[in-house]
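Asks:
Protein chains: 2
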Amino acid sequence: MKTRDRILQTSLRLFNEEGEPRITTNHIAAEMDISPGNLYYHFHNKDEIIALLFQQFERRMKTILQVPERRIPNMEDMWLYLHLVFEAIWEYRFLYRDLDSILNRNKKLRTHFRRILERKMSTAAAICQGLVEARIMNATSDDITALTRNIAVVATYWLNFQGIHASTTTPASESDHLASGVYQVLTLVNPFLNDEAQQLLREISREYL
Amino acid sequence: MKTRDRILQTSLRLFNEEGEPRITTNHIAAEMDISPGNLYYHFHNKDEIIALLFQQFERRMKTILQVPERRIPNMEDMWLYLHLVFEAIWEYRFLYRDLDSILNRNKKLRTHFRRILERKMSTAAAICQGLVEARIMNATSDDITALTRNIAVVATYWLNFQGIHASTTTPASESDHLASGVYQVLTLVNPFLNDEAQQLLREISREYL
Chain A
1 MKTRDRILQT SLRLFNEEGE PRITTNHIAA EMDISPGNLY YHFHNKDEII
51 ALLFQQFERR MKTILQVPER RIPNMEDMWL YLHLVFEAIW EYRFLYRDLD
101 SILNRNKKLR THFRRILERK MSTAAAICQG LVEARIMNAT SDDITALTRN
151 IAVVATYWLN FQGIHASTTT PASESDHLAS GVYQVLTLVN PFLNDEAQQL
201 LREISREYL
Chain E
210 MKTRDRILQT SLRLFNEEGE PRITTNHIAA EMDISPGNLY YHFHNKDEII
260 ALLFQQFERR MKTILQVPER RIPNMEDMWL YLHLVFEAIW EYRFLYRDLD
310 SILNRNKKLR THFRRILERK MSTAAAICQG LVEARIMNAT SDDITALTRN
360 IAVVATYWLN FQGIHASTTT PASESDHLAS GVYQVLTLVN PFLNDEAQQL
410 LREISREYL
């Protein structure tokens, strides 16, 4: 693996484990057993590393946030969509943990993050629209607008909420985060589903949690 | 007004307007036209000022988050409760805007903030329980648990979500924040209400927005 890629990988791991504010470029170089000069040859500062990691995250989210085009979306699409979104958030969780301070430092990232948020909402809206057409969901277009906004808030801030709400400081495991996050978002969707779909959801949730 | 109280009031205003990370004790002293030494006589550092402001906020929230004890809570209680919560959040919005960095710097505040969050949820749960008993709401106890968690996430992070989602950097006005926040939380409650209460909610929302 190239030094540049190793720097990115090590930074991502350290940011996620320790929190981005606590990690300096010197920490990263020390962890990799390379000189700070060698690191600076590839990245001038920490914000350049963050910008590159953000690009990777953005590409990943773009791939996930695609609505199936050839057929009407169904409950499995909603489930899969949420699962993949929470998986990607977990993998780049340092971004979400210190979102405000990272976005305040970099206006360009803020614009890109807003685009990801908008895409999250338009994909969720398209899936809901599909469920309405398939008569699995019963919701007006106002309902769907409010619902997709709630989905975006809960998905975006679930990690932060859990971090404050949990009485221990130990971070939840990936599987905990995925299961509780997907479940929590599905409780937003549930009241709009028909009886059969609600029953299906209860069964999947029991297995999943 | 005593100097100490004026320091608190000026700090709150500057933190809210400019963001807490951008304001130093020197800014506060300059704004008040007092010497930094005079300020230090009252507060040793910025975190002491933040801790005091947080205490004020906590007392305010404790007063708000009381469930009516002598009668069954109704829709008006839910409405009033949300209105007062969003009003208090707006008044101390600097806390919510940089929540993670403020709570990471101070473990004691984290514990207190967690208590406020728990109180938010238990009050919301008590009101929902009241609505169920009055047959205004139809929800199982699992529904109420998930719903109160969603209410807490949306109420806590609504400002941050709007800050990223809004394309302009100008902060929303107090009335925008209140109206959109209360409306958004009520969309969470709405699907569980009976037809009559849903109709009532639609009417109130139209006037309110």
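Chains A and E supply the protein sequences, listed in that same order. Quick note: the first sequence uses our numbering, first residue 1, plus one each step. Quick note: the second sequence uses our numbering, first residue 210, plus one each step. Here a beta-carbon is modelled for each residue, glycine too, at the ideal position from N, C-alpha and C.
Count the other CB atoms within 10 Å of the CB of leucine 410 (chain E); is the residue buried (16 or more) or exposed (fewer)?
Replies: Buried is the call here.
Asks: Using DSSP with H/G/I as helix, E/B as strand and the rest coil, what is leucine 402 (chain E)?
Replies: Strand.
Asks: Mark histidine 177 (chain A) as exposed unless 16 or more other C-beta atoms lie within 10 angstroms of its C-beta, in which case mark it buried.
Replies: Buried, because 16 or more other Cβ atoms sit within 10 Å of the Cβ of histidine 177 (chain A).
Asks: Would you say proline 73 (chain A) faces chain E, with C-beta separation under 7 Å as the test?
Replies: Closer than 7 Å: no.
Asks: On the DSSP bridge list, what partners appear for methionine 346 (chain E)?
Replies: DSSP output for methionine 346 (chain E) lists E:Leu402 as bridge partner(s).
Asks: Is arginine 71 (chain A) helix, strand or coil by DSSP?
Replies: Three-state result, arginine 71 (chain A): coil.
Asks: Am I right that tyrosine 212 (chain A) and threonine 123 (chain A) are in contact with their C-beta atoms under 8 Å? What's the rounded C-beta distance?
Replies: With chain A represented from 1 up to 209, any question about residue 212 (chain A) goes unanswered, as that position is not in the structure.
Asks: For alanine 125 (chain A), which of helix, strand or coil comes out of DSSP?
Replies: Of the three classes helix, strand and coil, the one that applies to alanine 125 (chain A) here is helix, per DSSP.
Asks: Note down, in chain order, every chain E residue with its Cβ under 9 Å from the Cβ of phenylalanine 113 (chain A).
Replies: Within chain E, the residues near phenylalanine 113 (chain A) are Ile373.
Asks: Taking the straight line between their C-alpha atoms, what separation do you get for phenylalanine 303 (chain E) and serine 310 (chain E)?
Replies: Cα to Cα, phenylalanine 303 (chain E) sits roughly 11 Å from serine 310 (chain E).
Asks: Please report whether the beta-carbon of alanine 125 (chain A) lies at a distance below 7 Å from any beta-carbon of chain E.
Replies: Alanine 125 (chain A) does not count as touching chain E.
Asks: Determine the DSSP secondary structure at phenylalanine 266 (chain E), reduced to helix, strand or coil.
Replies: Looking at phenylalanine 266 (chain E) - three-state DSSP - the assignment turns out to be helix.
Asks: Within a Cβ cutoff of 6 Å, which residues of the same chain sit near threonine 378 (chain E), ignoring the five residues on either side of it in sequence?
Replies: Confidence in threonine 378 (chain E) is poor, its pLDDT being 47 and thus under 50, which makes the residue's placement unreliable; the coordinate value appears in the next sentence. Correct list: empty, nothing qualifies.
Asks: Please state the DSSP three-state secondary structure of methionine 241 (chain E).
Replies: Three-state DSSP puts methionine 241 (chain E) in a helix.
Asks: Using the rule of at least 16 other Cβ atoms within 10 Å of the residue's Cβ for burial, across every protein chain shown, is methionine 75 (chain A) buried or exposed?
Replies: Methionine 75 (chain A) comes out buried.
Asks: Among E:Thr320, E:Ile345 and E:Thr357, which residue has its Cα nearest to the Cα of lysine 329 (chain E)?
Replies: The shortest Cα separation from lysine 329 (chain E) among E:Thr320, E:Ile345 and E:Thr357 belongs to E:Thr357.
Asks: Would a check of beta-carbon distances place serine 101 (chain A) closer than 7 Å to chain E?
Replies: Chain E, which has a Cβ nearer than 7 Å to the Cβ of serine 101 (chain A), makes this yes.
Asks: Taking only beta-carbon atoms, is valine 294 (chain E) less than 7 Å away from chain A?
Replies: Not closer than 7 Å to any Cβ of chain A, the Cβ of valine 294 (chain E) fails to qualify, so no.
Asks: Listed in chain order, which residues of the segment 177-197 of chain A have Cβ atoms closer than 7 Å to some Cβ of chain E?
Replies: Per Cβ criterion, the list reads Gln184, Thr187, Leu188, Pro191 and Phe192.
Asks: Would you say tyrosine 366 (chain E) lies against chain A (beta-carbon separation less than 7 Å)?
Replies: Tyrosine 366 (chain E) counts as touching chain A.
Asks: Let me make sure I understand the geometry here. Which of E:Phe401, E:Pro282, E:Arg213 and E:Asn369 has the alpha-carbon closest to that of glycine 390 (chain E)?
Replies: Measuring from the Cα of glycine 390 (chain E), the nearest candidate turns out to be E:Asn369.
Asks: Report yes or no: is there a C-beta of chain E within less than 7 Å of the C-beta of alanine 51 (chain A)?
Replies: Taking Cβ atoms only, chain E never reaches closer than 7 Å to alanine 51 (chain A), which makes this a no.
Asks: In terms of alpha-carbon separation, which member of E:Ser244, E:Ile325, E:Leu293 and E:Asp286 lies closest to glycine 339 (chain E)?
Replies: If we check each option's Cα against that of glycine 339 (chain E), E:Asp286 comes out closest.
Asks: Just to confirm, is the Cβ distance from alanine 146 (chain A) to threonine 396 (chain E) under 7 Å?
Replies: A contact, by the Cβ cut-off of 7 Å.
Asks: By Cβ distance below 6 Å, which residues in the same chain neighbour glutamate 383 (chain E) in space, the five residues on each side in sequence not counted?
Replies: Closer than 6 Å at the Cβ level, and outside the excluded window around glutamate 383 (chain E), lie Trp299.
Asks: Just to check my reading of the structure: glutamate 48 (chain A) and aspartate 98 (chain A) have Cβ atoms closer than 8 Å, yes? What is that Cβ distance to the nearest angstrom?
Replies: Contact flag wrong, Cβ pair sits at about 17 Å.
Asks: Kindly indicate which three-state DSSP category serine 384 (chain E) falls into: helix, strand or coil?
Replies: Three-state DSSP puts serine 384 (chain E) in a helix.
Asks: Quick one: what's got a C-beta closer than 7 Å to leucine 223 (chain E)'s C-beta in the same chain, skipping five residues either side?
Replies: So the qualifying residues of the chain are Ile232, His236, Ile237 and Glu240.
Asks: Select from E:Ser350, E:Lys271, E:Arg344 and E:Thr219 the residue whose C-alpha is nearest the C-alpha of phenylalanine 403 (chain E).
Replies: In the sequence as presented, phenylalanine is not what sits at residue 403 (chain E); that position holds asparagine. Nearest of E:Ser350, E:Lys271, E:Arg344 and E:Thr219 to asparagine 403 (chain E), Cα basis: E:Arg344.
Asks: In whole angstroms, what separates the C-alpha of arginine 70 (chain A) from that of tyrosine 305 (chain E)?
Replies: Answer to the nearest angstrom: the Cα atoms are 43 Å apart.
Asks: For leucine 117 (chain A), which option in A:Ile151, A:Tyr92, A:Met137 and A:Ile127 has the closest C-alpha, if you only look at C-alpha atoms?
Replies: Cα-wise, what sits closest to leucine 117 (chain A) is A:Ile151.
Asks: Expressed to the nearest angstrom, what Euclidean distance is found between the alpha-carbon atoms of methionine 346 (chain E) and threonine 140 (chain A)?
Replies: Cα to Cα, methionine 346 (chain E) sits roughly 20 Å from threonine 140 (chain A).
Asks: Using only the alpha-carbon positions, how far apart do threonine 10 (chain A) and histidine 83 (chain A) sit?
Replies: In a straight line, the C-alpha of threonine 10 (chain A) is about 25 Å away from that of histidine 83 (chain A).
Asks: So, helix, strand or coil for aspartate 307 (chain E), using DSSP?
Replies: Aspartate 307 (chain E): coil per DSSP, three-state reduction.
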